[in-house]
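Okay, so here's the structure we're looking at.
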Amino acid sequence: MAPPLEAPSDAPSALPAAEEKARVTEAVAAVAAELNARGEKAGGSAQDVLEAQAMMAEDPTLEESVGAKIDAGATAEHAVHTAFAEFAEQLAAIGGYLGERAADLGDVAQRVIAHLRGVAAPGVPDPGHPFVLVATDLAPADTALLDLDQVLAVVTTEGGPTSHTAILAREKGIVAVVGTGSADLADGQTVIVDAADGVVVADPTDEQLAAAAERAEARKAAAAAPITPGALADGTEIPLLANLGSPEGAADAVALGAEGVGLFRTEFLFLSSEEAPSVESQKASYAKLLAAFPGRKVVVRVLDAGADKPLPFLTDEGEENPALGRRGIRALRNRENVLRDQLTALAQADAESDADLWVMAPMVATVEETAYFTALAKELGLRTTGVMVEVPAAAILADRVLQVADFASIGTNDLVQYTMAADRLLGTVANLQSPWHPAALRLIQMVGEGGSANGKPVGVCGEAAADPLLAVVLAGLGVTSLSMSPSALADVRAELKLHTADDARRMAEAALAASDAAGAQAAARSAA
Ligand code: PEP
Ligand code: MG
25 MAPPLEAPSD
35 APSALPAAEE
45 KARVTEAVAA
55 VAAELNARGE
65 KAGGSAQDVL
75 EAQAMMAEDP
85 TLEESVGAKI
95 DAGATAEHAV
105 HTAFAEFAEQ
115 LAAIGGYLGE
125 RAADLGDVAQ
135 RVIAHLRGVA
145 APGVPDPGHP
155 FVLVATDLAP
165 ADTALLDLDQ
175 VLAVVTTEGG
185 PTSHTAILAR
195 EKGIVAVVGT
205 GSADLADGQT
215 VIVDAADGVV
225 VADPTDEQLA
235 AAAERAEARK
245 AAAAAPITPG
255 ALADGTEIPL
265 LANLGSPEGA
275 ADAVALGAEG
285 VGLFRTEFLF
295 LSSEEAPSVE
305 SQKASYAKLL
315 AAFPGRKVVV
325 RVLDAGADKP
335 LPFLTDEGEE
345 NPALGRRGIR
355 ALRNRENVLR
365 DQLTALAQAD
375 AESDADLWVM
385 APMVATVEET
395 AYFTALAKEL
405 GLRTTGVMVE
415 VPAAAILADR
425 VLQVADFASI
435 GTNDLVQYTM
445 AADRLLGTVA
455 NLQSPWHPAA
465 LRLIQMVGEG
475 GSANGKPVGV
485 CGEAAADPLL
495 AVVLAGLGVT
505 SLSMSPSALA
515 DVRAELKLHT
525 ADDARRMAEA
535 ALAASDAAGA
545 QAAARSAA
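Read in our numbering, the sequence shown has 391 at position 367, and its numbers run on one by one without any break.
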């Protein structure tokens, strides 16, 4: 992929300041218009991402900062380069979700500078034949418009699992391995990109190639197979549900066979809001979501603010360890009016819809928090109220938690993070973050047992549910439904069909008996 543009020189401008500023205004407007146009073409959440980038390009604070640098003698190119870099640095220092947006800003700066220079923006090459795209990081603008007939797979050395690149790639069903750390690959080299295991194999042997081709064929067959309800080979039903972040994703999810929604992340609707959203505006969003799933289960999670998803109206500033701070249900409890408004909006939308609305609270750690949330939700008119199990304490006491809650949904992303004490956004501890780790599997088993002891359903809505083999193991651990990004539904559906409930239990036993994640995965595979 084309390397970034050379940094502009810091020699003083020969043009009058007003002229330099006019050049910037024109270039920024052109780049914003291009991003918006690309967004419109791409649709879906790609459009949201690109429109957000266009807005960033036209941010008045940035414009002011660029203007000040030009007034001090800088060229338009240099002023854009430094002002955008400073802004990106500020975002990176905040870290978490905003930190990951810093890469987006660098991309916008490159586009503006390319426009000022009258050269093509750096971007995806076009070698004229299908290829694997290897890049340091991929801009959302490029990811959104990748030509799926040409780009066989994407490998990036930087970026985390929650970067926009990863989110968009997953949504488009692109085979992608992000954040490899390094990629010693040359143009023309043959590689296998194994997104399921997160590895890139350079110069594979014939055997490795044949095995990869077989897996690719199986994937294609799974995608083309008729859409049936999720079930094991013996007919045991395991409903397959969608994870969504906005009502706009609903139509695609239905088309891919989602039997309902297992996790609607409401905080994604309000990430840029300074103030708590009104009951009316929330009700409109929820009504739109529910309308897409008549007669179906729709599990909505109340706002999960904090850590990598700070919301100004809920999140305490300056916590030293925000992942261990007042986040999720703790933050909502601290501002109960926000929680009451959200539950009221949900109850109102529910009253006018045919969907089967379930609500759940994030980051619940205790039975007392479970009782608090479920009682309040019931008081405000919601019928089915449950909790996410993402904190080891809630898993260990799942038998008690599920005496109180109507259901539990296991958030494996956070459950693994807290079980292993390994930040889920941090590449340096990624080796500890596998949901295959038997320590995590034992906790999941406890939740499954808590569900069956109380006759209550237990779902999984973390990324683990999207791993086909692990999905079978989860069923064997007592999980009764699986929720995932819609692009993963076909693969999981196909794998479930290959194993009976007895097989699943045997695979789960084998995985539980292992000492580490790799061992658990291997044991499950050989017990299959
Ligand atoms: C999880 O933690 O697994 C989960 C589903 O919630 P989120 O990824 O939004 O934290
Ligand atoms: Mg979570």
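Beta carbons are placed, not taken as given, at the ideal position from N, Cα and C, and that holds for glycine.
What are the boundary residues of the alpha helix (DSSP H) that residue i is part of?
i, result
"Asn437", "436–444"
"Met25", "Looking at the DSSP string, Met25 is not in any alpha helix (DSSP H), and its letter there is neither H nor E."
"Val391", "391–403"
"Arg549", "541–551"
"Asp515", "513–520"
"Ala532", "525–536"
"Thr49", "41–66"
"Leu506", "Not the alpha helix (DSSP H): Leu506 falls in the beta strand (DSSP E), residues 505–508."
"Leu233", "230–248"
"Phe108", "100–118"
"Arg16", "An answer regarding residue 16 cannot be provided, because it is not within the stretch 25 to 552 covered by the chain."
At a cut-off of 6 Å, would you count residue i as near the ligand MG, judging by its Cβ distance to the nearest heavy atom?
i, result
"Glu414", "yes"
"Asp21", "In the structure as shown, the chain starts at 25 and stops at 552, and residue 21 therefore has no counterpart that could be examined."
With distances taken Cα to Cα, identify the nearest neighbour of residue i among the options.
i, options, result
"Lys333", "Ala375, Arg448, Gly259", "Arg448"
"Lys521", "Gly142, Glu58, Ala257, Arg135", "Ala257"
"Gly152", "Ala159, Thr160, Val158, Asp173", "Asp173"
"Gly633", "Ala126, Gly410, Leu74, Asp166", "No answer is possible for residue 633: the residues shown for the chain start at 25 and end at 552."
"Glu519", "Ala547, Gly543, Ala489", "Ala489"
"Pro250", "Val388, Pro271, Ala279", "Ala279"
"Asp438", "Ala369, Tyr396, Glu473, Ala389", "Ala389"
"Ala81", "Ala54, Ile94, Val225", "Ala54"
"Leu494", "Ala446, Ser550, Leu450, Glu473", "Ser550"
"Arg364", "Met412, Ser302, Asp208", "Ser302"
"Ile420", "Asn60, Gln469, Val383", "Gln469"
"Asp227", "Ala207, Val52, Glu392", "Ala207"
"Gly405", "Val178, Gln366, Gly472", "Gln366"
"Arg466", "Leu450, Cys485, Val503", "Val503"
"Ala240", "Ala255, Ala220, Gly254", "Ala220"
"Gly147", "Thr214, Gly205, Met25", "Met25"
Taking all protein chains shown into account, do 16 or more other C-beta atoms lie within 10 angstroms of the C-beta of residue i, making it buried, or fewer, making it exposed?
i, result
"Ser297", "exposed"
"Val223", "exposed"
"Leu39", "exposed"
"Asp526", "exposed"
"Ser507", "buried"
"Arg62", "buried"
"Ala210", "exposed"
"Val52", "buried"
"Leu74", "buried"
"Met79", "exposed"
"Asp95", "exposed"
"Gln213", "exposed"
Quick one: is the Cβ of residue i within less than 6 Å of any heavy atom of the ligand PEP?
i, result
"Asp491", "no"
"Gly435", "yes"
"Gly269", "no"
"Gly405", "no"
"Gly120", "no"
"Gly152", "no"
"Gly486", "yes"
Which first and last residues belong to the beta strand (DSSP E) in which residue i is found?
i, result
"Asp380", "380–385"
"Val413", "408–413"
"Asn267", "264–268"
"Thr368", "It is not in any beta strand (DSSP E) - Thr368 instead sits in the alpha helix (DSSP H) that spans 360–375."
"Ala177", "175–180"
"Asp95", "Looking at the DSSP string, Asp95 is not in any beta strand (DSSP E); the run it does join, the alpha helix (DSSP H), is 84–95."
"Leu287", "284–289"
"Asp218", "215–218"
"Val148", "Careful: Val148 lies outside any beta strand (DSSP E) and carries neither H nor E."
"Leu456", "Careful: Leu456 lies outside any beta strand (DSSP E) and carries neither H nor E."
"Ala159", "155–159"
"Ala226", "223–226"
Is residue i close to chain D, meaning its C-beta is less than 7 Å from at least one C-beta of that chain?
i, result
"Pro510", "Annotation note: the requested chain D is absent from the structure, which comprises a single protein chain."
Next on the checklist: Below 8 Å, how does it come out for the stretch 283–290 and the stretch 514–530: are there three or more Cβ pairs, yes or no?
Outcome noted: no
Checklist entry - Using 8 Å as the Cβ pair cut-off and three pairs as the minimum, do the stretch 29–36 and the stretch 55–68 touch? => result no
Item to check | the stretch 259–266 contacting the stretch 226–246, beta-carbon criterion three pairs below 8 Å | outcome: no
Checklist entry - Is it true that the stretch 427–445 meets the stretch 478–494, where meeting means three or more beta-carbon pairs spaced less than 8 Å apart? => result yes
Next on the checklist: If contact is defined by three or more beta carbon pairs under 8 Å, each pair taking one atom from either stretch, is the stretch 315–334 in contact with the stretch 364–379?
Outcome noted: yes
Item to check | the stretch 231–244 contacting the stretch 285–295, beta-carbon criterion three pairs below 8 Å | outcome: no
Next on the checklist: Does the contact criterion of 3 or more C-beta pairs under 8 Å hold for the stretch 412–424 versus the stretch 437–446?
Outcome noted: yes
Checklist entry - Are the stretch 132–140 and the stretch 103–111 in contact at 8 Å, needing three or more beta carbon pairs? => result yes
Next on the checklist: I'd like to know if the stretch 397–404 and the stretch 348–365 are in contact, where contact means that at least 3 CB-CB pairs between them fall below 8 Å.
Outcome noted: yes
Item to check | Touch test, the stretch 88–100 against the stretch 113–123, Cβ-Cβ under 8 Å, three pairs minimum | outcome: no
Next on the checklist: Would the stretch 450–463 count as touching the stretch 535–543 if we require 3 or more Cβ pairs under 8 Å?
Outcome noted: yes
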